[in-house]
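Contents: one structure, followed by commentary.
There are 2 protein chains.
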Amino acid sequence: MAQKEISQAVIRRMPRYYRYLGELLDAGVERISSNDLSNQMQVTASQIRQDLNNFGGFGQQGYGYNVKYLYEEIGKILGLDQVHNIIVIGAGNLGQALTNYVKFERFGFKIIALFDVNPALEGVSVRGIKVHMLDELDDFCANNKVDIAALTMPKAKADITAKHLVSIGIHAIWNFAHVDLDIDNEDVVVENVHLSDSLMQLSYNIEKNKK
Amino acid sequence: MAQKEISQAVIRRMPRYYRYLGELLDAGVERISSNDLSNQMQVTASQIRQDLNNFGGFGQQGYGYNVKYLYEEIGKILGLDQVHNIIVIGAGNLGQALTNYVKFERFGFKIIALFDVNPALEGVSVRGIKVHMLDELDDFCANNKVDIAALTMPKAKADITAKHLVSIGIHAIWNFAHVDLDIDNEDVVVENVHLSDSLMQLSYNIEKNKK
DNA sequence: TAGATTGTTAATCGATTAACAATC
DNA sequence: TAGATTGTTAATCGATTAACAATC
Numbered sequence: 260m261a262q263k264e265i266s267q268a269v270i271r272r273m274p275r276y277y278r279y280l281g282e283l284l285d286a287g288v289e290r291i292s293s294n295d296l297s298n299q300m301q302v303t304a305s306q307i308r309q310d311l312n313n314f315g316g317f318g319q320q321g322y323g324y325n326v327k328y329l330y331e332e333i334g335k336i337l338g339l340d341q342v343h344n345i346i347v348i349g350a351g352n353l354g355q356a357l358t359n360y361v362k363f364e365r366f367g368f369k370i371i372a373l374f375d376v377n378p379a380l381e382g383v384s385v386r387g388i389k390v391h392m393l394d395e396l397d398d399f400c401a402n403n404k405v406d407i408a409a410l411t412m413p414k415a416k417a418d419i420t421a422k423h424l425v426s427i428g429i430h431a432i433w434n435f436a437h438v439d440l441d442i443d444n445e446d447v448v449v450e451n452v453h454l455s456d457s458l459m460q461l462s463y464n465i466e467k468n469k470k
Numbered sequence: 260m261a262q263k264e265i266s267q268a269v270i271r272r273m274p275r276y277y278r279y280l281g282e283l284l285d286a287g288v289e290r291i292s293s294n295d296l297s298n299q300m301q302v303t304a305s306q307i308r309q310d311l312n313n314f315g316g317f318g319q320q321g322y323g324y325n326v327k328y329l330y331e332e333i334g335k336i337l338g339l340d341q342v343h344n345i346i347v348i349g350a351g352n353l354g355q356a357l358t359n360y361v362k363f364e365r366f367g368f369k370i371i372a373l374f375d376v377n378p379a380l381e382g383v384s385v386r387g388i389k390v391h392m393l394d395e396l397d398d399f400c401a402n403n404k405v406d407i408a409a410l411t412m413p414k415a416k417a418d419i420t421a422k423h424l425v426s427i428g429i430h431a432i433w434n435f436a437h438v439d440l441d442i443d444n445e446d447v448v449v450e451n452v453h454l455s456d457s458l459m460q461l462s463y464n465i466e467k468n469k470k
């Protein structure tokens, strides 16, 4: 449990700060003021300072923020200094796409196995990572540190699979299935990626713009 | 331009209402009150009524909401009664995964072509949809109605590609590249799906829960 | 020291919730 | 008609922005 609760609105912005600071770092920029950053990111300087000060004072009056230091600190806040092992449940197109997305590894996210019910996928490997049959799931989780389960399966099975994952000790679910998982366990965190919802939002804005 | 601006917070919730109403419809439920829906969706009844009344009075006092009617009206609000043709720029794993996701078609989203620079993909088809070489893009857009371009390419090329798409008349971009597209054109709408950001948010919540 | 810029408090703005009159 | 439930106004809550004293 956290001591003082930080709103998810703030958390949602942190990866974006991290991204911009990473680019500044690559560009060799040493320090930056909240004002300069605010111009680049199109948010207010006030918001940047408020957001950061939820986690501590990372800046220095009269100087601004040291880019490298702030980048690293935000990385720690986001847990990117830890290794997070991921299993992907559903080795279809999306599951394989995620597995091929090597960039996640730079942030400490490592996909260590895929699972599927389709016997045709038995023995197949994606980027050297093996697809297991779903009945091996419990064994695998018992013998490996699994931090996150990504659900990239049809929505019909997603909820029951999620419940099962929780029952065998998984505490974090990255859900791509188009359902709200019904898990009432405070210790389990769920992050949804609802692509259809995203597309519908885009569609709304398209139609609105036509008017 | 819209007459009265409706906040994106409201828009973000509409697809979720649509989903729940679709399920109620499939389950044969004829009418529902904001209160019953609020229990199922875990939001306040007040919010449901406020949200819906941004778009008009879809309910009836003493009765509630007709499920089929409300479902269809929200569909119209989201533009799902229109056909939206999509092209996918970047025919890698993610582009192909999106193309294989047939469910989008149920909502009027139709992928009509993929584009890539990789000559190895020339002539390849995904679910019967052809992968074109990127140099055919302008021609294709001139001869076909293209409503949305999905960017599933590496981030290095995303911004310049987006600018080019806008210059040839594309007004909506579904961006999967890990950059903020720099487009200052009011008539162009961008919807971002930043998977790394989503994963980092999950990671934050994992680490927070450990404490 | 003077100038710059943070950290933080106070003011504003917007979104959510509560309450209730209108009405089916 | 009586009961139920919306549509909508008013109250509350939280998030964003502005302001400025602290301080490097």
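Those protein sequences? They're chains A and B, same order as listed. Add 259 to a position in the first sequence, counting from 1, and you land on the number used in the numbering used here. Add 259 to a position in the second sequence, counting from 1, and you land on the number used in the numbering used here. Just so it is clear, CB atoms sit at the ideal spot from N, CA and C, and this is done for glycine as well.
Of all the alpha helix (DSSP H) runs that stay within the bounds of the region 292 to 377 of chain B, which reach a length of 4 or more residues? For the region 292 to 377 of chain B, whole alpha helix (DSSP H) runs of length 4 or above, ordered along the chain, are 293 to 300, 304 to 312, 326 to 336, 352 to 359 and 362 to 365.
With a threshold of 8 Å on Cβ separation, who are the neighbours of A:Ile388 within its own chain once the five nearest residues in sequence on each side are excluded? These residues qualify, in order along the chain: Thr358, Ile370, Ile371, Ala372 and Leu373.
Determine, for A:Ala401, whether the minimum Cβ-Cβ distance to residues of chain B falls below 9 Å. Judged by the 9 Å Cβ criterion, A:Ala401 is not in contact with chain B.
Starting from the beta carbon of A:Glu395, find every residue of chain B whose beta carbon is closer than 7 Å, and list them in chain order. Under the 7 Å cutoff, chain B gives no residues; its nearest Cβ is about 24 Å from A:Glu395.
For B:Asn403, does the three-state DSSP call read helix, strand or coil? When secondary structure is reduced to three states using DSSP, B:Asn403 falls in the coil class, being assigned neither helix nor strand.
Residues near A:Leu380 in its chain [Cβ-Cβ closer than 6 Å; skip 5 each side]: Its chain contains Ala350 and Val390 as the residues whose beta carbon lies nearer than 6 Å to that of A:Leu380, once the 5 sequence neighbours on both sides are disregarded; these appear in chain order.
Relative to the C-alpha of B:Val449, which candidate in B:Gln309, B:Glu395 and B:Ile407 has its C-alpha closest? Nearest C-alpha to B:Val449: B:Ile407.
Taking 9 Å as the CB-CB limit, is A:Gln267 close to chain B? Judged by the 9 Å Cβ criterion, A:Gln267 is in contact with chain B.
I think B:Ile432 touches B:Val405, with their Cβ atoms under 8 Å apart; what is that distance to the nearest whole Å? By a beta-carbon distance limit of 8 Å, B:Ile432 does not contact B:Val405. Their separation comes to about 11 Å.
When you compare the CB positions of A:Arg272 and A:Gln306, do they come within less than 9 Å of one another, or not? Their beta carbons are under 9 Å apart, which means A:Arg272 touches A:Gln306 by this criterion.
On the CB-based measure, 16 or more other CB atoms within 10 Å of its CB, does A:Asn402 come out buried or exposed? Counting other Cβ atoms within 10 Å of its Cβ, A:Asn402 stays below 16 and is therefore classed as exposed.
Could one say the Cβ of B:Val259 lies closer than 9 Å to chain A's Cβ atoms, at least one of them? With chain B represented from 260 up to 470, any question about residue 259 of chain B goes unanswered, as that position is not in the structure.
Look at the Cβ atom of A:Ile348, then the Cβ atom of A:Thr303, and state whether they are nearer than 9 Å. With contacts defined as CB atoms closer than 9 Å, A:Ile348 and A:Thr303 fail to qualify as a contacting pair.
Contact list for B:Lys327 against chain A, beta-carbon separation under 7 Å: Near B:Lys327 there are no residues of chain A at all, since even the closest Cβ is about 19 Å away, more than 7 Å.
At least 3 beta-carbon pairs within less than 8 Å: the region 284 to 298 of chain A vs the region 325 to 339 of chain A: By the Cβ criterion, the region 284 to 298 of chain A is in contact with the region 325 to 339 of chain A, since at least three pairs of Cβ atoms, one from each stretch, lie closer than 8 Å.
Could you check which residue in B:Tyr463, B:Gly321, B:Asn294 and B:Leu461 has the C-alpha nearest to that of B:Arg308? The candidate whose alpha carbon is nearest that of B:Arg308 is B:Asn294.
Check whether the Cβ of A:Val390 lies closer than 9 Å to any Cβ atom in chain B. Closer than 9 Å: no.
In the DSSP assignment, the alpha helix (DSSP H) including A:Lys469 goes from what residue to what residue? In the DSSP annotation of this structure, the continuous segment of the alpha helix (DSSP H) that includes A:Lys469 starts and ends at Leu454 to Lys469.
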